[in-house]
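What follows is a set of notes on a single structure, which appears directly below.
There are 2 protein chains.
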Amino acid sequence: METASDSARSDAARNRERLLEAARRLVVEHGPEHVTMREVAAEAGVGKGTLFRRFGDRDGLLLALLDDAEADFLEAYTAGPPPLGPGAPAPERLVTFGQALIQRTVTEGDLGSALARELLPGHRNDSGAGTAFRAHVAGLLRESGVEADHELLALVLLSSVSFETLDHLRGRGVSEERLHGVWADLVRRVTHVA
Amino acid sequence: METASDSARSDAARNRERLLEAARRLVVEHGPEHVTMREVAAEAGVGKGTLFRRFGDRDGLLLALLDDAEADFLEAYTAGPPPLGPGAPAPERLVTFGQALIQRTVTEGDLGSALARELLPGHRNDSGAGTAFRAHVAGLLRESGVEADHELLALVLLSSVSFETLDHLRGRGVSEERLHGVWADLVRRVTHVA
Chain A
39 METASDSARS DAARNRERLL EAARRLVVEH GPEHVTMREV AAEAGVGKGT
89 LFRRFGDRDG LLLALLDDAE ADFLEAYTAG PPPLGPGAPA PERLVTFGQA
139 LIQRTVTEGD LGSALARELL PGHRNDSGAG TAFRAHVAGL LRESGVEADH
189 ELLALVLLSS VSFETLDHLR GRGVSEERLH GVWADLVRRV THVA
Chain B
39 METASDSARS DAARNRERLL EAARRLVVEH GPEHVTMREV AAEAGVGKGT
89 LFRRFGDRDG LLLALLDDAE ADFLEAYTAG PPPLGPGAPA PERLVTFGQA
139 LIQRTVTEGD LGSALARELL PGHRNDSGAG TAFRAHVAGL LRESGVEADH
189 ELLALVLLSS VSFETLDHLR GRGVSEERLH GVWADLVRRV THVA
């Protein structure tokens, strides 16, 4: 039986979902630069105050959208079929994971990438998705038997497929295929356990 | 014997040096954000038009200052004593080179780093210094006997010691010592020729 406070909680959850839904529509139809508190409030038919109370600020709203948008990818690399998901050797999973990131970054219209780009780099790195990426890479390095400063090596490897790095390389005319190749090469060298 | 046109050329060189000197004074005394065309013109006692004719725009002036500021470092890694300069094994030179970059980036008051930070990332990467860094790393990878896409691997390795990456890592409280360690580890793994 639903109590009064359960019902208040599920009202709050429904309202939150309605606000995120409005924001998502704006991103998909007009691009993430249209996620402004003013435009989202208008789209959802609420006052700006409601949005600020719920999400703190624009970056807070973007972070909530991002975690939502990243849920499928998170599911795929933690519990989906190999070689992205469990079941393949750790080095192979690491190759596949980075290549998936590269592919998502260079693909126009990837919602998670578009949202992440709109965030301040500090917020992006500390987002749920950013934290999960680092933990995943560090875990696969450990599982590969690499003896290293796993957390820091994970950060460094991920910097080679960051937006900044990939935008720079794409700007120099490097093809997606070459990017996939150099990532695979780097991972194989790093995880080569002598 | 000096001809009229030799003398015009050396006047031009002297004037250029005088403008760079004024800009350098501003950077050293007040920081690179004071390299504005207005402030440099005032410091050098010339009109802004002279500056624009000579350097194109502010980034052009910063690039000229940067190449100048980087001359000593370039000399050190191409012709100075080992292990930064020639004479040490290529992997060891690569370790030392990256650690020198890390040290310069985290040191306050390094003129080249301060100038490079003021440039747009695209201009920074295409500067004389940026181009020379990539060529140096690619050359050392080749000399180490690594069979790879040397140019791209060089770019990727350098991304792990870029301002963006190092600022991010420092912001997470990673010590300079740990940064030196992970770079050395990465280079050893990459250049490990089985």
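So the sequence lines, in the order shown, correspond to chains A and B.
Sequence positions in the first sequence follow this note's numbering and run 39 to 232.
Sequence positions in the second sequence follow this note's numbering and run 39 to 232.
The C-beta atom is built at its ideal place from N, Cα and C for all residues, glycine as well.
- Can you pull the chain A residues whose beta carbon is under 9 Å from the beta carbon of Glu202(B), in chain order? Pro159, Ser197, Ser200, Glu202, Thr203
- Message: Tell me which residue opens and which closes the alpha helix (DSSP H) that Leu139(B) is part of.
- Response: 128-144
- Query: If you compare alpha carbons, which of Arg47(B), His218(B), Val225(B) is closest to Ala138(B)?
  - Reply: His218(B)
- Query: Within 10 angstroms of its Cβ, does Ala232(A) collect 16 or more other Cβ (buried), or is it exposed?
  - Reply: Legend: pLDDT at Ala232(A) = 49, less than 50; position of this residue unreliable, value from coordinates given subsequently. Counting Cβ neighbours within 10 Å, Ala232(A) comes out exposed, since fewer than 16 surround it.
- Query: Which term fits Asp95(A), buried or exposed, when burial requires 16 or more other beta carbons within 10 angstroms of its beta carbon?
  - Reply: exposed
- Item | Simplified DSSP state of Pro120(A), which is helix, strand or coil | coil
- Candidates Ala173(B), Ala167(B), Leu178(B): closest to Ala128(B) by CA position: Leu178(B)
- Hey, how far is the Cα of Thr145(B) from the Cα of Ala152(B)? 10 Å
- Cα-Cα, which of Phe171(A), Ala186(A), Glu202(A) is closest to Glu229(A)? Just to set this straight, residue 229(A) is Thr in the shown sequence, not Glu. When only C-alpha atoms are compared, the closest one is Ala186(A).
- Could you have a look at Val175(A) and say whether DSSP puts it in helix, strand or coil? helix
- Query: With 16 as the cutoff for other CB atoms within 10 Å, does Met143(B) come out buried or exposed?
  - Reply: The sequence as given places Thr at residue 143(B); Met does not occur at that position. Counting Cβ neighbours within 10 Å, Thr143(B) comes out buried, since at least 16 surround it.
- Contacts around Trp221(B), its chain only, beta-carbon distance under 8 Å, and the 5 residues preceding and following it disregarded: Val133, Gly136, Gln137, Ile140, Ser198, Val199
- When burial is assigned at 16 or more other CB atoms within 10 Å of the CB, is Pro70(B) buried or exposed? buried
- What distance in whole Å lies between the Cβ atoms of Leu57(A) and Asp106(A), which are believed to be in contact at a cut-off of 8 Å? So it is not a contact: roughly 11 Å between Cβ atoms.
- Going by alpha carbons, who is nearest to Val23(A) out of Ala60(A), Tyr115(A), Thr116(A)? Given a span of 39 to 232 for chain A in the structure shown, any question on residue 23(A) remains unanswerable.
- Message: Out of Arg54(B), Leu103(B), Val175(B), which one is the CA nearest neighbour of Thr116(B)?
- Response: Val175(B)
- In angstroms, rounded to a whole number, what distance separates the CA positions of Gly166(B) and Thr203(B)? 21 Å
- Query: Can you name the start and end residues of the alpha helix (DSSP H) that His206(A) belongs to?
  - Reply: 201-209
- Do you know whose CA, among Gly211(B), Gly160(B), Phe171(B), Arg52(B), lies nearest Leu195(B)'s CA? Phe171(B)
- Item | Integer Cβ distance of Glu81(A) from Arg63(A), believed to fall under 8 Å | 6 Å
- Message: Taking the alpha carbon of Gly209(B) as the reference point, which residue from Leu207(A), Gly160(A), Pro119(A) has its own alpha carbon closest?
- Response: Gly160(A)
- Message: Only counting the same chain, and skipping five residues up and downstream in sequence, which positions put a Cβ closer than 7 Å to that of Gly168(A)?
- Response: Arg162
- Item | When Pro119(A), Leu99(A), Arg52(A) are compared against Val73(A), the one with the closest alpha-carbon | Leu99(A)
- Message: I need the DSSP call for Thr74(A), collapsed to helix, strand or coil.
- Response: coil
- Message: If distances are taken between C-alpha atoms only, which option among Arg216(A), Ser213(A), His68(A) comes closest to Leu149(A)?
- Response: His68(A)
- Nearest-angstrom Cα distance between Arg131(A) and Arg180(B)? 28 Å
- Test: Leu207(A) CB closer than 8 Å to a CB of chain B: yes
- Item | Reduced DSSP category for Gly168(B) - H, G, I as helix; E, B as strand; rest coil | helix
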